[in-house]
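What follows is a short report on a single structure.
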Amino acid sequence: MKIDKDSQEFIESMGLVFQDDGLPRIAGRILGFLTIRTEPHSLQELADCLEVSRGSISTNTRLLEQFGLVERVAKSGDRQGFYQLAPDAFPNVLHGGIQRMMKARQIILKASERIPKKSALAKKNLEDMARFYDITIDGMDAILKKYAGS
Numbered sequence: 000m001k002i003d004k005d006s007q008e009f010i011e012s013m014g015l016v017f018q019d020d021g022l023p024r025i026a027g028r029i030l031g032f033l034t035i036r037t038e039p040h041s042l043q044e045l046a047d048c049l050e051v052s053r054g055s056i057s058t059n060t061r062l063l064e065q066f067g068l069v070e071r072v073a074k075s076g077d078r079q080g081f082y083q084l085a086p087d088a089f090p091n092v093l094h095g096g097i098q099r100m101m102k103a104r105q106i107i108l109k110a111s112e113r114i115p116k117k118s119a120l121a122k123k124n125l126e127d128m129a130r131f132y133d134i135t136i137d138g139m140d141a142i143l144k145k146y147a148g149s
């Protein structure tokens with residue numbers, strides 16, 4: 000399956016975006032590919048199109064599944080799994096981020112309760128951190144509501 004120049008540029012750019020965020024470049028390339036090639040693809044098809052090992056494709060599709068960006072689907076009569084962009088892929092990322100931040104916030108609050116009163120600076124740092132998480136969670140929630148209404 001041949002990839003045209005403009006599509007290839009988009010796919011490679013998505014890889015660099017992921018890499019800049021500290022994530023595997025191939026994960027970004029897979030996401031880019033599945034964003035513009037909307038039909039489901041097998042691991043082997045992804046490996047062939049992106050010219051990467053099947054093992055790397057497998058590892059990175061699992062990562063993208065965890066983020067809610069891609070989903071594994073079945074094709075009638077075929078035993079292997081196929082991957083496509085998940086419905087609501089992009090809101091899924093924010094939902095996951097909110098869940099992780101809420102978990103972190105609970106850890107921060109628990110730590111704040113256990114810090115001795117004489118450690119005023121540590122307590123203030125934890126309170127600032129919790130406040131940051133609160134504001135970020137509220138902001139992400141507002142983005143999701145705005146996105147759902149668009």
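Take the sequence shown: its position 105, counting from 1, is numbered 104 in numbering that gives the first Met the number 0, and each next residue is one higher. Think of the CB as a built atom: it goes at the ideal place given N, C-alpha and C, for glycine as much as any other residue. In this text, all values refer to a predicted model and were calculated from it rather than measured experimentally.
Buried or exposed by the 16-neighbour rule on C-beta atoms within 10 Å, applied to residue i
i           : result
residue 70  : buried
residue 32  : buried
residue 115 : exposed
residue 26  : buried
residue 55  : buried
residue 131 : exposed
residue 142 : exposed
Neighbourhood of residue i by C-beta, 8 Å cutoff - its chain only, sequence neighbours within 5 removed
i           : result
residue 67  : 85, 87, 88, 91, 92, 94 and 95
residue 39  : 72, 74, 81, 82 and 83
residue 121 : 114
residue 104 : 129, 132, 133 and 136
Assigned secondary structure, residue i (DSSP; H/G/I helix, E/B strand, else coil)
i           : result
residue 69  : strand
residue 41  : strand
residue 87  : coil
residue 116 : coil
residue 77  : strand
Contacts around residue i, its chain only, beta-carbon distance under 7 Å, and the 5 residues preceding and following it disregarded
i           : result
residue 13  : 27, 28, 30 and 31
residue 4   : none
residue 101 : 136
Own chain residues within Cβ distance below 6 Å of residue i, not counting five before or after
i          : result
residue 42 : 53, 56 and 57
residue 62 : 26
Whole-number beta carbon distance between residue j and residue i, since they are thought to touch under 8 Å
i          : j         : result
residue 48 : residue 2 : 6 Å
Answer yes if the stretch 3 to 13 comes into contact with the stretch 26 to 40, meaning at least three C-beta pairs across the two stretches below 8 Å, and no otherwise.
yes
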